[in-house]
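S.K.: Following this message is one structure expressed as structure tokens.
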Amino acid sequence: MKVEIRRVRKLEDYRDIALRGDISEILSLAGKLEGASIVHVNSTSFGGGVAEILHSMVPLMESIGLDVEWEVIEAPPEFFKITKLLHHGVQGMSVELTEDMKKLYLRINEENAEKLDLDKDVVVIHDPQPLAIRKYRTNHSKWIWRCHIDASTPYKPVWDFLKDFVKMYDAYIFHMHEYLQPGLDKSKAHIIRPSIDPLSEKNRDMNIDEVNYVLEKYDVNPEKPILIQVARFDPWKDPLGAIDVYRLVKKKIPDVQLLMVSSMAHDDPEGWIYYEKAVRHAGEDYDVYFLTNLIGVGDREVNAFQRAADVALQMSTREGFGLSVTEALWKETPVVARGVGGIKVQVIDGKTGFIVESVEEAADRVLKLLKDENLRKKLGKEARRHVRENFLITRHVKDYLALFHKVLEIAQ
664 MKVEIRRVRK LEDYRDIALR GDISEILSLA GKLEGASIVH VNSTSFGGGV
714 AEILHSMVPL MESIGLDVEW EVIEAPPEFF KITKLLHHGV QGMSVELTED
764 MKKLYLRINE ENAEKLDLDK DVVVIHDPQP LAIRKYRTNH SKWIWRCHID
814 ASTPYKPVWD FLKDFVKMYD AYIFHMHEYL QPGLDKSKAH IIRPSIDPLS
864 EKNRDMNIDE VNYVLEKYDV NPEKPILIQV ARFDPWKDPL GAIDVYRLVK
914 KKIPDVQLLM VSSMAHDDPE GWIYYEKAVR HAGEDYDVYF LTNLIGVGDR
964 EVNAFQRAAD VALQMSTREG FGLSVTEALW KETPVVARGV GGIKVQVIDG
1014 KTGFIVESVE EAADRVLKLL KDENLRKKLG KEARRHVREN FLITRHVKDY
1064 LALFHKVLEI AQ
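Each residue of the sequence shown is one higher than the last, beginning at 664 in the working numbering.
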């Protein structure tokens, strides 16, 4: 299914935000790619970092002369239960993948290979859900697989099933060097960090009146300290751990509040299970807020909550990259997080936030930040600078264009 994007993006819009070198390099690379056709394929047009990136990436690539489309696979609910197991398996969980599950996974991929418009110069497949489409298409496109999850220690039976499909691609993209598994061709591997769009509704500048309006709407008190975790309800994000950090902090600062913010995506059938676990874990504590798209929380609201927060938590035990960390850092909100996946290249310990190993250590760092406003401001300013230099969408587009040059064998 083709995704129609209403958002308009032009490279010129980023000139005052992005690094000058990125803008000039994009223009240079785009000149030799003008008219090249690209299609991105993933499993959902809403919810999660991949969809958010594509909503900005596709129109921005169009604005520099590429013919870019975005296709979303069509599949029944039972398919997404299987791909959630694949997701867990790639991230190291021991899961049971039956032969019937494998057959359904392959059948849905084969059906989508026939349905989707993939006759383009470059096909970019995102994550495990549509990975096997490559097996069923033999056109002359250049195929790129982008892995958005932590593949550093995959569960062997799951990786053994997936790796043969990965090997069919002309190139594969990982967020971190340690995600590249033995047996894959290193010459095909590329490390490209994901990004945020500083002009999107979730990341644009917001004045204090607009922030306070959103807080008032959801009964959050701007006069009291605010902690926030923005993440799917997922075992890897450890929402229970975030609540435990809050409880330890509350013993010392009784009026602290915790915002648990999430979007419930249709390709994540386990989301409701872990949402209910988190709600039960919080109990009758009215200073813990569960804020989702189901009660009207969208990008604007997330933006306001992250700006209002004194400290952002990310208690993930596995993380592909962690764009909610990037978002908080961009808003000058220091982050306290476990140093997993892409978090460790974003949260520079003592400079943009604090890296921790336990709930107790996280609570200690949160208390340190809540008690020292000057430290929060210092880390916040460094955090925004770090994101500007490394994790904005303009740098991301530049990296993609360089890869398109390589796979299409265009001389630079």
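Don't be surprised by glycine CBs; every beta carbon is placed ideally from N, CA and C. Just so it is clear, the structure is predicted and the values come from calculations on it, not from any experiment.
Any idea what DSSP makes of Thr816, helix, strand or coil?
M.R.: coil
S.K.: Please identify the residue among Arg970, Pro793, Met764, Asp763 whose C-alpha is closest to the C-alpha of Lys865.
M.R.: Arg970
S.K.: Let's see if you can read the secondary structure: which residues bound the beta strand (DSSP E) around Ser925?
M.R.: 920-925
S.K.: Using a 10 Å radius around the Cβ and a threshold of 16 neighbouring Cβ atoms, would you call Leu957 buried or exposed?
M.R.: exposed
S.K.: Roughly how many angstroms separate the alpha carbons of Lys665 and Glu1045, rounded to a whole number?
M.R.: Each residue's Cα considered, the two are about 40 Å apart.
S.K.: If you scan the segment 835-916 from start to end, which runs of the alpha helix (DSSP H) of 4 or more residues do you find wholly inside it?
M.R.: 871-880, 902-915
S.K.: Is the Cβ-Cβ distance between Thr980 and Asp897 less than 7 Å?
M.R.: no
S.K.: Classify Arg1058 as helix, strand or coil using the three-state DSSP reduction.
M.R.: helix
S.K.: Quick one: using the 10 Å Cβ neighbour count with 16 as the cut-off for buried, is His718 buried or exposed?
M.R.: So His718 counts as buried.
S.K.: Distance, Cα to Cα, Leu688 vs Ser706?
M.R.: As written in the sequence, residue 688 is Glu, which differs from the Leu given in the question. Cα to Cα, Glu688 sits roughly 31 Å from Ser706.
S.K.: Express the C-alpha separation of Arg910 and Tyr835 in angstroms, rounding to a whole number.
M.R.: Roughly 42 Å separates the two Cα atoms.
S.K.: Straight-line CA distance for His944 to Tyr937?
M.R.: 10 Å
S.K.: Ignore the nearest five residues each way along the sequence and tell me which others in Ala776's own chain have a CB closer than 7 Å to its CB.
M.R.: Ile796, Tyr799, Arg800
S.K.: Does DSSP put Phe953 in a helix, a strand or coil?
M.R.: strand
S.K.: Grab me the residues of Glu759's own chain with a C-beta within less than 8 Å of its C-beta, minus the 5 sequence neighbours each way, in chain order.
M.R.: The beta carbon of Glu759 lies closer than 8 Å to those of Leu748 in the same chain, with the five residues before and after it left out.
S.K.: Would you say Lys783 and Ser757 are within 7 Å of each other, going by their C-beta atoms?
M.R.: At a Cβ-Cβ threshold of 7 Å, Lys783 and Ser757 do not count as neighbours.
S.K.: Do the segment 739-754 and the segment 670-680 meet, that is, are 3 or more Cβ pairs less than 8 Å apart?
M.R.: no
S.K.: Quick check on this structure: which residue in Leu903, Lys851, Ala1065 has the alpha carbon closest to the alpha carbon of Leu921?
M.R.: Of the candidates Leu903, Lys851, Ala1065, the one whose C-alpha sits nearest the C-alpha of Leu921 is Leu903.
S.K.: Flag this pair as yes or no: are the beta carbons of Leu1030 and Val974 separated by less than 7 Å?
M.R.: Contact flag unset, no.
S.K.: Here's the rule: buried if 16 or more other CB atoms are within 10 angstroms of the residue's CB, otherwise exposed. What is Pro820?
M.R.: exposed
S.K.: Provide the residue span of the alpha helix (DSSP H) that contains Arg809, from first to last.
M.R.: Looking at the DSSP string, Arg809 is not in any alpha helix (DSSP H); the run it does join, the beta strand (DSSP E), is 805-809.
S.K.: Return the CA-CA distance between Met831 and Ile916, expressed in angstroms with no decimal places.
M.R.: 55 Å
S.K.: Give me the Cβ distance between Ala1000 and Gly1016, rounded to the nearest whole Å; I'm assuming they're in contact under 8 Å.
M.R.: 7 Å
S.K.: From which residue to which residue does the beta strand (DSSP E) around Asn705 run?
M.R.: 700-705
S.K.: Near Pro932, what residues of its chain come up, given a Cβ to Cβ distance below 8 Å and the 5 sequence neighbours on each side ignored?
M.R.: Pro740, Phe743, Lys744, Lys747
S.K.: Kindly confirm or deny that the segment 1058-1067 and the segment 837-845 touch, where touching means at least three C-beta pairs closer than 8 Å.
M.R.: no
S.K.: Alpha carbon to alpha carbon, how far is Glu715 from Arg669?
M.R.: 13 Å
S.K.: Nearest by alpha-carbon distance to Phe953: which of Lys913, Asp790, Ala905, Lys994 is it?
M.R.: Ala905
S.K.: Exposed or buried, what is Ser708 when buried is set at 16 or more other beta-carbons lying within 10 Å of its beta-carbon?
M.R.: buried
S.K.: Helix, strand or coil: how does DSSP classify Leu976 here?
M.R.: Here DSSP, grouped into helix, strand and coil, assigns Leu976 to strand.
S.K.: List, from N- to C-terminal side, the beta strand (DSSP E) runs of 3 residues or more that fit wholly inside the segment 981-1032.
M.R.: For the segment 981-1032, whole beta strand (DSSP E) runs of length 3 or above, ordered along the chain, are 998-1001, 1016-1019.
S.K.: 7 Å is my cut-off, CB to CB: does Met756 come that close to chain B?
M.R.: Looking for chain B here will not work: only one protein chain is present.
S.K.: Taking the alpha-carbon positions, what's the Asn772 to Leu794 distance?
M.R.: Cα to Cα, Asn772 sits roughly 8 Å from Leu794.
S.K.: Just how far apart, CA to CA, sit Val1080 and Met869?
M.R.: Limits of the chain in this structure are 664 at one end and 1075 at the other, which puts residue 1080 out of reach.
S.K.: Since Arg683 contacts Ser726 with CB under 8 Å, what's their CB separation in whole angstroms?
M.R.: Under the criterion of beta carbons closer than 8 Å, Arg683 and Ser726 do not qualify as touching, at roughly 18 Å.
S.K.: Which residue from Glu939, Ile812, Gly961 puts its Cα closest to that of Gly755?
M.R.: Ile812
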